[in-house]
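Student: Here it is, the structure, as structure tokens.
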Amino acid sequence: MTSAYGAAPEKLPVKGFNHLGAAILDQDPAVHGGRRVVFLASDDDSAAAEIGVLAENLGFAPIRLGGLSEGGLLVQARGKSWGQLIFKDLIKFDG
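Numbers 21 to 115, taken from my numbering, label the letters of the sequence shown in order.
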């Protein structure tokens with residue numbers, strides 16, 4: 021069975037990589053000994069885990085924000101309402 025979101029069967033969407041502008045995403049994700057953070061939100065833990073692996077393989081530090089209704093709102097820009105994490109270019113340092 022194919023979902024409404026394309027050829028990925030039984031997968032729900034993952035909101036990710038969209039809180040940063042393209043110019044920042046185009047830069048090396050390794051910064052000052054850390055990794056640039058990308059936020060992920062999804063109602064599908066399995067799909068979010070897959071995108072998290074993709075983010076790590078690209079050199080980013082994925083951080084799950086929860087489901088779309090709560091975490092997705094933190095990185096959303098809509099009208100005059102902007103999520104608290106939109107455009108935040110954060111670096112994660114692994115201890």
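A virtual CB, placed ideally from N, CA and C, is assigned to each residue, including glycine.
Starting from Gly91, trace the alpha helix (DSSP H) both ways and give me its first and last residue.
Tutor: Taking the first residue of the sequence shown as 1, we reach residue 91 at position 71. First-last of the alpha helix (DSSP H) with Gly91: Gly91 to Leu94.
Student: Just to confirm the assignment, what range does the alpha helix (DSSP H) spanning Gly72 have?
Tutor: Here residue 72 corresponds to residue number 52 of the sequence shown, with the count starting at 1. Looking at the DSSP string, the run of the alpha helix (DSSP H) that includes Gly72 is Asp65 to Asn77.
Student: Per DSSP, what are the beta-bridge partners of Lys31 in this structure?
Tutor: For this step, residue 31 is matched to residue 11 along the sequence shown. Bridge partners of Lys31: none, in fact.
Student: Any idea what DSSP makes of Ser101, helix, strand or coil?
Tutor: One-based indexing of the sequence shown puts residue 101 at position 81. Strand.
Student: Out of curiosity, what's the CA-to-CA distance linking Phe59 and Leu40?
Tutor: The sequence position of residue 59 within the sequence shown is 39, counting from 1. The sequence position of residue 40 within the sequence shown is 20, counting from 1. Those two C-alpha atoms are separated by around 10 Å.
Student: When you compare each of Val73, Ile71, Arg55 and Lys100 to Lys112 by their alpha carbons, which one comes out closest?
Tutor: Here residue 112 refers to the residue found at position 92 when the sequence shown is read from its first residue. When each option's Cα is compared against that of Lys112, the closest is Arg55.
Student: Measuring only the C-alpha atoms, how far is Val57 from Ala81?
Tutor: In the sequence shown, the residue the question calls residue 57 occupies position 37. In the sequence shown, the residue the question calls residue 81 occupies position 61. Those two C-alpha atoms are separated by around 5 Å.
Student: Assign Val34 to buried or exposed, taking buried as 16 or more other Cβ atoms, counted over all protein chains shown, within 10 Å of its Cβ.
Tutor: Indexing the sequence shown from 1 puts residue 34 at position 14. Classification for Val34: buried.
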